[in-house]
Amino acid sequence: MHWLTEPFQTEFMQRAFVAAIIIGVVAPVVGTWVVLRRMANLGDAMSHGTLAGVGLAYAAGINVLFGAMGAGLLIAVLLLTFSSNRRLGQETVITVLGTAFFALGVVVISRLDTGVELTHFLFGRVLTVTWGDIWLNLGLGGGAVLVVLALFGELRLATFDHVQAEQVGVRVELVQAVLVLLLAVVVVISLRAVGTVMSVTMLVTPAATARLLARTLRQMTVLGVVFGVTEGVGGLMLSYHLEAAPGATIGLLSAAVFAVVFAITLPRRMPHHHRPLG
Amino acid sequence: MSHGHHHPDTVLDVDHLGVRYGHTEALYDVSFRVAHGEMIGVIGPNGAGKSTMFKAICGLVNHTGVVEVNGVHCHDHTDRMDLAYIPQRNDSDLNFPITVGELVLAGRRRFRHWWGRPNAHDREVASESLAKVFLEGTERKALTELSGGQLQRAYLARALAQQASVVLLDEALSGVDQPTTAELFDVFETLAAEGTALLVATHDLALARRRFTRCLAVNGTVRGDGPPAQVLSAEVLDSTFGSAGHRALAD
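Same order as they appear, the protein sequences are chains A and B. To convert a position in the first sequence, counted from 1, into this note's numbering, add 510. To convert a position in the second sequence, counted from 1, into this note's numbering, add 16.
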């Protein structure tokens, strides 16, 4: 029992757990749609790209979360403007933008003489989370969850069959734009705790694990949250006892859970379960 | 430009419709009228512009010309929610976690705002629509539990739930076996009798001759329009299909 309660003794660990729970709830709620719409590479580009804003904000002495938010917004706008280029294709534009912003962030941070390590931003420092960060994350994350709940029906229609959705009055492009913004929000709230690189793990892996088990959207969202919170809190505990990097431990635990669920559900996806003919 | 005054029987009025994709003219000068309860077979070879025509009529691609639904000039797709379009090969992911009931309820979206939720009446209409296509009681099934023919009927039920005056089916019959085709035609005929107009794109000229009251031959533009016997003549088929038309008819 001591093994379980020991990590909660100090205040900085308590803050870290609260931060992990917020991410564990918000990331899979948004991530469900990232997985279903096959937008994982967009999440990846967004998570890397925000480093530019983080670096610039840090250099200017502003809260890095605001920098990340600014960069996230800018990336969202650029993506929505340029990703429909027919000659290049969406994933190319997404990758070019993501890596360019990431490179800018690395250059800016490497030029600073403050001794701050690049890895702090890439992989997070969950133990440095302040109560101020937590309130900000709670506000942003709570807002993101409310937006997803309000748009649940529209997201379902636009994702399943965008042609029919448009025909019955769903504003498919607006729904897509809102989702890209929500993606930026998830990256921002993940920044301190798991870092920019690992934020895409929290966005995709718990939702993908839930996808393997769920029959309905509601189930997928709820299961995603269960996985997200369990993996966030569990990963943090493990990292405490193993004295390993928290963000990466959470990421590793998420991947391990995914692998187990994937193996368990494998027989279900075997060929004899394919659609009947006729 | 319009044909002038609106005829009371006309539900869909297509006037000089044209679509360009870059430098390619996919469709030009397409004009025809559809009356309530008409069942029209749309024939033409692959790449003739049948799908483009359906999408343009529904406002899903940019076009020139005028589309009027129930006498109202349409500007964008939101003016055309009285049309239901069932695409050819459904791009949608059939493993998507959605039930048959939710699929059919999607048709009801046109009657509410984005923040609204389906109400008891919507659910009632959805159930009735499923019953009309012989899928009663399947609301809670996952899409993967349906056979190919049942899936086509579920899409048709969604169009019924939309309570559309015109249903446009793009190759709804390809890949569907004969008993299912017969079942679908029974449904089409019931709908037509109730006043819904149906435009069904098909490759099957023999079927077009047997089951439709009117045929529309399309290749770039309208090559023939009238009763099957008239449209499926050597002359029109030549103009629509080239020499392939005769082979198709012989089949």
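Cβ atoms here follow ideal geometry from the backbone N, Cα and C, with glycine treated the same way. Since we're looking at a predicted model, the values are computed, not measured.
For Asp193 (chain B) and Val247 (chain B), I'd like the C-alpha separation in whole angstroms.
So the alpha carbons of these two residues sit roughly 26 Å apart.
Which ranges would you report for the alpha helix (DSSP H) in the segment 91-171 of chain B if only whole runs of at least 4 residues count?
Listed in chain order, they are 116-121, 136-148.
When the Cβ atoms of the segment 574-594 of chain A are set against those of the segment 726-736 of chain A, are three or more pairs found closer than 8 Å?
No: fewer than three Cβ pairs fall under 8 Å.
So which of A:Gly582, A:Leu552, A:Thr711, A:Ala668 has the shortest CA-CA distance to Ala530 (chain A)?
Ranking A:Gly582, A:Leu552, A:Thr711, A:Ala668 by Cα distance to Ala530 (chain A) puts A:Thr711 first.
Find out if the Cβ-Cβ distance for the pair Val639 (chain A), Ala567 (chain A) is shorter than 7 Å.
No, they are not a contact pair.
Taking DSSP as the reference, what is the three-state secondary structure of Arg621 (chain A)?
Here Arg621 (chain A) sits in helix by DSSP.
Counting along the chain, where does the alpha helix (DSSP H) carrying Gly651 (chain A) start and finish?
Segment 641-660, the alpha helix (DSSP H) holding Gly651 (chain A).
Evaluate contact between the segment 753-760 of chain A and the segment 551-567 of chain A, counting only Cβ atoms and requiring at least three cross-stretch pairs below 8 Å.
Taking 8 Å as the limit for Cβ pairs, the verdict is that the segment 551-567 of chain A does not touch the segment 753-760 of chain A.
So which of A:Pro517, A:Phe612, A:Glu601 has the shortest CA-CA distance to Val705 (chain A)?
As written in the sequence, residue 705 (chain A) is Gly, which differs from the Val given in the question. Here the closest residue by C-alpha is A:Phe612.
For Pro103 (chain B), is the classification buried or exposed, using 16 other Cβ atoms within 10 angstroms of its Cβ as the cut-off for buried?
It is buried - the Cβ of Pro103 (chain B) has at least 16 other Cβ atoms within 10 Å.
With DSSP collapsed to three states, give me the class of Arg572 (chain A).
Note on residue identity: the sequence assigns Ile, not Arg, to residue 572 (chain A). Of the three classes helix, strand and coil, the one that applies to Ile572 (chain A) here is coil, per DSSP.
Are the C-beta atoms of Cys231 (chain B) and some chain A residue less than 7 Å apart?
Not an interface residue.
What in chain B is Cβ-close to Leu667 (chain A), meaning under 7 Å?
Within 7 Å Cβ-Cβ: Ala122, Arg125.
Could you name the residues of the segment 724-738 of chain A whose beta carbon sits closer than 8 Å to any beta carbon of chain B, in the order they occur along the chain?
The residues in question are Ala724, Arg725, Thr726, Leu727, Gln729, Met730.
Please report the straight-line C-alpha distance between Val682 (chain A) and Val767 (chain A), rounded to a whole angstrom.
Their Cα atoms are separated by approximately 33 Å.
So, Gly60 (chain B) versus Val234 (chain B), is the Cβ gap smaller than 7 Å?
Yes.
Please say whether Ala177 (chain B) and Ala142 (chain B) have beta carbons closer to each other than 7 Å?
In contact: Ala142 (chain B) and Ala177 (chain B) (Cβ atoms closer than 7 Å).
Is the distance from the Cβ of Arg133 (chain B) to the Cβ of Leu151 (chain B) below 7 Å?
No, the Cβ-Cβ distance between Arg133 (chain B) and Leu151 (chain B) is not below 7 Å.
Can you give the Cα-Cα distance for His165 (chain B) and Glu41 (chain B), rounded to whole angstroms?
Reading off the sequence shown, one finds Gly at residue 165 (chain B), where the question assumed His. Spanning the two alpha carbons is a distance of roughly 34 Å.
Using the three-state DSSP reduction, which class does Leu787 (chain A) fall into: helix, strand or coil?
Because Leu787 (chain A) sits at a pLDDT of 47, beneath the cut-off of 50, its placement in the model cannot be relied upon, and the following sentence gives the value as read from the coordinates. Note: Leu787 (chain A) maps to coil in three-state DSSP.
Cutting at 7 Å between CB atoms, please list the residues of its own chain near Ala158 (chain B), excluding the five before and the five after it.
Contacts found: Thr115.
Could you confirm whether any beta carbon from chain A is found closer than 7 Å to the beta carbon of Pro61 (chain B)?
No - not a single Cβ of chain A is within 7 Å of the one on Pro61 (chain B).
At 4 residues or longer, and completely inside the segment 724-768 of chain A: list those alpha helix (DSSP H) runs for me, N to C.
You should have 727-752.
If I'm right that Arg126 (chain B) touches Leu667 (chain A) with Cβ under 8 Å, what's the distance once you round it to whole angstroms?
Not really, about 11 Å apart at Cβ, beyond 8 Å.
Note down, in chain order, all residues in the segment 73-101 of chain B with a beta-carbon under 9 Å from any beta-carbon belonging to chain A.
From the segment 73-101 of chain B, only Cys74, Gly75, Leu76, His93, Thr94, Arg96, Met97, Leu99, Ala100, Tyr101 have a Cβ closer than 9 Å to chain A.
For Gly57 (chain B), which beta-bridge partners are listed by DSSP?
Answer is B:Val216, B:Cys231.
Give the DSSP bridge partners of Tyr37 (chain B), in chain order.
The partner list for Tyr37 (chain B) (beta bridge, DSSP) reads B:Thr40.
Between the segment 581-606 of chain A and chain B, which residues of the former have CB atoms less than 8 Å from a CB of the latter, in chain order?
If the cut-off is 8 Å between Cβ atoms, the segment 581-606 of chain A has nothing near chain B.
What separation, rounded to the nearest whole angstrom, lies between the Cα atoms of Leu200 (chain B) and Gly577 (chain A)?
For Leu200 (chain B) and Gly577 (chain A), the distance between alpha carbons rounds to 58 Å.
Going residue by residue through the segment 540-594 of chain A, where are the continuous alpha helix (DSSP H) segments of at least 4 residues, counting only ones entirely within it?
Correct list: 550-559, 561-570, 574-592.
If we ignore side chains and look at the alpha-carbon of each, how far apart do Asp254 (chain B) and Arg239 (chain B) end up?
In a straight line, the C-alpha of Asp254 (chain B) is about 10 Å away from that of Arg239 (chain B).
Does any residue of chain A bring its CB to less than 7 Å from the CB of Phe70 (chain B)?
For Phe70 (chain B), the answer is no, since every Cβ of chain A falls outside 7 Å of its Cβ.
To the nearest angstrom, how far is it from the Cα of Ser593 (chain A) to the Cα of Arg547 (chain A)?
Approximately 15 Å between the Cα atoms of the pair.
Could you work out which residue in A:Gly582, A:Glu516, A:Asn573 is closest to Val697 (chain A) when comparing CA atoms only?
Nearest of A:Gly582, A:Glu516, A:Asn573 to Val697 (chain A), Cα basis: A:Gly582.
Would Ala266 (chain B) be called buried (16 or more neighbouring beta carbons within 10 Å of its own) or exposed?
For Ala266 (chain B), the pLDDT reaches just 48, beneath the cut-off of 50, and the residue's location in the model is therefore unreliable, leaving the point undetermined.
Give the range of the beta strand (DSSP E) segment to which Asp186 (chain B) is assigned.
Per DSSP, Asp186 (chain B) belongs to the beta strand (DSSP E) from 182-186.
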